[in-house]
Structure formats: structure tokens, C-alpha cells
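Right, one structure below, let's go through it.
There are 2 protein chains.
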Amino acid sequence: MTVTITAFRQSPDRGAGLARDTRVRWALEEVGVPYDVRLLSFREMKEAGHLALQPFGQIPTYEDGDLVLFETGAIIFHIAERHAGLLPSETGPRARAIMWMFAALNTVEPPILDRTTTKLAESEEPWSEQRLRLTDDRIRIRLGQLSDHLGDAEWLEGGFSAGDLMMVSVLLRLKASGLLGEFPNLAAYVARGEDRPAYKRAFAAQLAVFTALSSP
Amino acid sequence: MTVTITAFRQSPDRGAGLARDTRVRWALEEVGVPYDVRLLSFREMKEAGHLALQPFGQIPTYEDGDLVLFETGAIIFHIAERHAGLLPSETGPRARAIMWMFAALNTVEPPILDRTTTKLAESEEPWSEQRLRLTDDRIRIRLGQLSDHLGDAEWLEGGFSAGDLMMVSVLLRLKASGLLGEFPNLAAYVARGEDRPAYKRAFAAQLAVFTALSSP
Numbered sequence: 001m002t003v004t005i006t007a008f009r010q011s012p013d014r015g016a017g018l019a020r021d022t023r024v025r026w027a028l029e030e031v032g033v034p035y036d037v038r039l040l041s042f043r044e045m046k047e048a049g050h051l052a053l054q055p056f057g058q059i060p061t062y063e064d065g066d067l068v069l070f071e072t073g074a075i076i077f078h079i080a081e082r083h084a085g086l087l088p089s090e091t092g093p094r095a096r097a098i099m100w101m102f103a104a105l106n107t108v109e110p111p112i113l114d115r116t117t118t119k120l121a122e123s124e125e126p127w128s129e130q131r132l133r134l135t136d137d138r139i140r141i142r143l144g145q146l147s148d149h150l151g152d153a154e155w156l157e158g159g160f161s162a163g164d165l166m167m168v169s170v171l172l173r174l175k176a177s178g179l180l181g182e183f184p185n186l187a188a189y190v191a192r193g194e195d196r197p198a199y200k201r202a203f204a205a206q207l208a209v210f211t212a213l214s215s216p
Numbered sequence: 001m002t003v004t005i006t007a008f009r010q011s012p013d014r015g016a017g018l019a020r021d022t023r024v025r026w027a028l029e030e031v032g033v034p035y036d037v038r039l040l041s042f043r044e045m046k047e048a049g050h051l052a053l054q055p056f057g058q059i060p061t062y063e064d065g066d067l068v069l070f071e072t073g074a075i076i077f078h079i080a081e082r083h084a085g086l087l088p089s090e091t092g093p094r095a096r097a098i099m100w101m102f103a104a105l106n107t108v109e110p111p112i113l114d115r116t117t118t119k120l121a122e123s124e125e126p127w128s129e130q131r132l133r134l135t136d137d138r139i140r141i142r143l144g145q146l147s148d149h150l151g152d153a154e155w156l157e158g159g160f161s162a163g164d165l166m167m168v169s170v171l172l173r174l175k176a177s178g179l180l181g182e183f184p185n186l187a188a189y190v191a192r193g194e195d196r197p198a199y200k201r202a203f204a205a206q207l208a209v210f211t212a213l214s215s216p
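Those protein sequence lines, which keep their order, are chains B and E.
Each residue of the first sequence is one higher than the one before, counting from 1 in the UniProt record's numbering.
Each residue of the second sequence is one higher than the one before, counting from 1 in the UniProt record's numbering.
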């Protein structure tokens, strides 16, 4: 039974790798599990067929035989639990790696997504520019705390884990903002993530979808 | 070894139960694990002692012997994994329950927190009221999707799980907004959560902290 995930037929970021299927692709590449991809248009994502799998009309989903999952965090955790390579086996280190998955999604990513919302969905509102400065300040607080914690370490907690996969994925959203450059150890941490062969394969796979779409 | 969690000495919601320690208390009550609480002032939360446990200077933390965890989602998952009562044991249903934890935190809560930020932290900004209407519309979309999915079911996925604990906790943030009342099945779902004896004990315990503080 082959794992099947869903992804945007036409990624809004034009292949920059920020859609959440890249995170799932990366996890599957790290553990060496092959997968199929079913591409969905924005219209198809809101149709009954997809809503039966994903009640919020989003991508990615994950199908493996009878099991259907959505939520990138849950999918990656499920992959990490069933295959070696993304979570330590000892109770304590395992719980700490899982903790960093949640920290990436629930403490570091929210102000970053708030920035994206203000920049894109509220670009024509009169407050857009002024509010962007507020969100940037909130992001700087989180980055500063994360930077202090990481220090000179290579990864957040010993060896590379699903927690790093998620944190690097979240921080990658800031690449174009210049904010990451204010924290050199975080910029280097993200670069180490991007340098992993599994990440490179995941990135190339999602880029190929965009390239195929835009070629004549 | 007794589990110790941290909580606000002076909860910003004045005992309404919305601080995240209530979620952890609820999980511990569901599985019958006694716990101690260490209360922290806002100043103490930003001091080195606490930052060594929680690099983002937040509550709650969870200490059990040598293991220190932060992030409510990670703490509740750790509790659910080690004690019966919050996760099914079969692989598929277990993964689906974990999925709902992530859905609560990453899909349903973000627009709700955005509303809170706009209402509280940006109350004096010129855009506050207008932006509040935007966030409310975004919340309605998520609530509508969740309501459609829940239908007449008692809980999200078979029996009560950590996914429901988290989803009810997230929806409780909307009690004062009136938005929940637009979706009667969600309002009833939240009421079922609040009616659980474990939730009642957790709520009473956090309220007692506020009551003790404000009594002469």
C-alpha cells in the first residue's frame, strides 16, 4: 500500500516550498518512505470529496490504506512514530523532541503567520503597513528567545529530530523578510536544515509540480 | 515523585479558566494523576530560573523527576501517552485523536487568538474594531467547518479523547464573544466538555488561585 498525500496543483508561493506538503514530503524523505501525490485545485479543495477527508478544505492529507490523516503536525508525528530517524527512542528525549514540534507550530509560527496574513490578506487595508511593524516586533521576541536557547548547538535537542524539521520549516517562512538575518545562529540552523539531502529532495519534488505547471 | 506544573500567580483572565494550565490540569484530572502547582508572577516568568525550563517565558511547564516539558500540546500528549483515558490504543483511532489535538491548536485556535490579540493588545490602535470584524469572519469559517464535521456526534472521533479536551479548551475562548452561539452543536459540545467532572475539578483548582489572591 503506497502512502498518498495531497498538495496544491498550483502552489500560491510559486514553488518556494512554503506550502505544508513540503514538510510532509521532507519527513517521508528522511525516513525513506516512497509516496504518491494527488494534486488539487483550489476549487477541488473545497468540494465534498476532499472535505470528507479534510473538513477544513486544506492540504496536505495523508492516506495509508484505511487511515486518513490531516494536519501536518499529526501526519509528521505519525510518520516519525512508525519509522526510525525522526524521534529518539528513550522516553525523555522523545518527549522533548515532540515538544519542539509543538513549540514550532504553536509558539514560533503564530506571529509569523500573523505577519503573512497582514501582508497578503490585508495588504489593501489602511493598517497593513503599520501592523506589519507590530508583527515584526513580536516575531523578533520569539526569534531572540529561540536564538538564546539554541546558542551554538547544531540542533534543538541533541540529534536532528521531527522537532527540528518543523522548526526549520517554520523559520523558512521568514527567508524573504530579512528577519532571520538578525539572528545569525538561527540563519545557520535553517541553512543546516536546507542542506539535508532529504530536504533537498522534498523541495525539488514540490518545485517540479510548479515547473510542470508553468512550462508551455 | 510528584508532577509539578507552573501557572500564573495572577491569571490575566481573573479565573475564567482560559490560561493554558487549565488544559494541563484537566488532562491530569482525567487520568487521575495528582500534581503540585508552582505559581509564577509575570516578572518571575521572564527570569533566568524559569527561562531555563521554558525558553519563551510562558506557563505551563511540567516537571516529573528529571523530565521537564513545556508547550501545552506536548505536555498533554505526554500525559495521554503514559496514562489510560485520553487516547485510544489502536493505531488508527489513536492517530486520529492526536490529529484533532493538532487541528484544535493549529487550525481552529489561530484565528481565535488573532481575535484576542486585536481586541486586547491592539485595542487602542485605529484599526482595532474594523479588524475585529475580519477576525470574526475568519473564525466563523472554521466554526462552520467544524460544526459540519461534528454534526450530531457527541465527540469528534468516537469516545472522548485528548483531541476533544484540546478542542473544547480552544472553543471555550469564544464563550464571551457570542460566536459559539451561532453554532448550536458546537455550543452543546463545549457544554459536554465543561460538564465532565475532571474539567470541573480543573476549573475549580485554577479559580481557587485567583480567589485566594483577591481575598482580603
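Note that beta-carbon positions come from the ideal geometry of N, C-alpha and C, so glycine has one too.
Practice item. Answer yes or no: does any C-beta atom of chain E fall closer than 9 Å to that of L69(B)? Key: Reading the first sequence from its first residue, position 69 is the one you call residue 69(B). At least one chain E Cβ lies under 9 Å of L69(B).
Review point. Quick one: what's got a C-beta closer than 7 Å to L18(B)'s C-beta in the same chain, skipping five residues either side?
Key: Position 18 of the first sequence, counted from the start, is the residue given in the question as residue 18(B). Hits under 7 Å: L172, R173.
Exercise for review: Say whether chain B places a C-beta atom closer than 9 Å to the C-beta of W155(E).
Suggested key: The count along the second sequence starts at 1 and reaches residue 155(E) at position 155. Interface residue (Cβ-Cβ distance to chain B less than 9 Å): W155(E) is not classified as such.
Practice item. Would you list, in sequence order, the uninterrupted alpha helix (DSSP H) runs of no fewer than 4 residues that lie entirely inside the region 68 to 126 of chain E? Key: The qualifying runs are 72 to 82, 91 to 103, 109 to 116.
Point to revise | Which listed residue (E47(B), Q145(B), Y199(B), Q54(B)) has its alpha carbon closest to that of A104(B) | key: One-based indexing of the first sequence puts residue 104(B) at position 104. Per the Cα distances, Q145(B).
Review point. What's the C-alpha gap between R85(E) and E157(E)?
Key: Counting from one through the second sequence, the residue named residue 85(E) turns up at place 85. Counting from one through the second sequence, the residue named residue 157(E) turns up at place 157. Sequence inspection shows Gly at residue 85(E); the Arg mentioned does not correspond to that position. Straight across, the Cα-Cα distance linking G85(E) with E157(E) is about 14 Å.
Practice item. Using a Cβ-Cβ cut-off of 9 Å, state whether H83(E) counts as contacting chain B. Key: Taking the second sequence and counting its residues from 1, the one referred to as residue 83(E) is at position 83. Chain B contact via Cβ: absent.
Check your understanding: Nearest chain B C-beta to F42(E) closer than 9 Å, yes or no?
Key -> Translated into the one-based positions of the second sequence, residue 42(E) becomes position 42. Taking a beta-carbon distance threshold of 9 Å, F42(E) does not count as an interface residue toward chain B.
Exercise for review: Taking the CB atoms as reference points, tell me whether I76(B) and L165(B) lie closer together than 9 Å.
Suggested key: In the first sequence, residue 76(B) corresponds to position 76, counting from 1. In the first sequence, residue 165(B) corresponds to position 165, counting from 1. Yes, Cβ-Cβ distance for I76(B) and L165(B) is below 9 Å.
Review point. In three-state DSSP terms, what is D36(E)?
Key: On the second sequence, position 36 is the one that residue 36(E) refers to. In this structure, D36(E) counts as strand in the three-state DSSP scheme.
Point to revise | Residue range of the beta strand (DSSP E) that includes F8(B) | key: Taking the first sequence and counting its residues from 1, the one referred to as residue 8(B) is at position 8. Segment 3 to 8, the beta strand (DSSP E) holding F8(B).
Check your understanding: Got a sec? Which residues, its chain only, sit under 7 Å from E44(B) by beta carbon, not counting five neighbours each side?
Key -> Start at 1 with the first residue of the first sequence, and residue 44(B) comes out as number 44. Only H50 meet the Cβ criterion.
Practice item. Please confirm whether R115(B) and S177(B) have their CB atoms less than 9 Å apart. Key: For the purposes of this step, residue 115(B) is taken as the residue at position 115 of the first sequence. For the purposes of this step, residue 177(B) is taken as the residue at position 177 of the first sequence. A contact, by the Cβ cut-off of 9 Å.
Check your understanding: For Q54(B), does the count of other Cβ atoms within 10 angstroms reach 16, so buried, or fall short, so exposed?
Key -> Here residue 54(B) refers to the residue found at position 54 when the first sequence is read from its first residue. Q54(B) should be labelled buried.
Exercise for review: Spell out whether any CB of chain B is found under 9 Å from the CB atom of M1(E).
Suggested key: Looking up residue 1(E) in the second sequence gives position 1. At a cut-off of 9 Å between beta carbons, M1(E) makes no contact with chain B.
Practice item. Could you name the residues that DSSP lists as bridge partners for A64(E)? Key: Translated into positions along the second sequence, residue 64(E) becomes position 64. One point to set straight first is that residue 64(E) is Asp, not Ala, in the sequence displayed. Bridge partners of D64(E) according to DSSP: L67(E).
Exercise for review: Look at G163(B) and R82(B) and say whether their C-beta atoms are less than 9 Å apart.
Suggested key: Translated into the one-based positions of the first sequence, residue 163(B) becomes position 163. Translated into the one-based positions of the first sequence, residue 82(B) becomes position 82. Here G163(B) is not near R82(B), since their CB atoms are 9 Å or more apart.
Check your understanding: Would you call the region 182 to 201 of chain E and the region 131 to 145 of chain E in contact, with 3 or more CB pairs under 8 Å?
Key -> When C-beta atoms of the region 182 to 201 of chain E are compared with those of the region 131 to 145 of chain E, three or more pairs fall below 8 Å, so the two segments count as touching.
Review point. How long is the line joining the alpha carbons of residue 218(B) and P93(E), rounded to whole angstroms?
Key: A question about residue 218(B) goes unanswered here, because the residues of chain B that appear run from 1 up to 216.
Check your understanding: On the three-state DSSP scale, how would you describe G163(B)?
Key -> Residue numbering aside, residue 163(B) sits at position 163 when the first sequence is read from its first letter. Looking at G163(B) - three-state DSSP - the assignment turns out to be helix.
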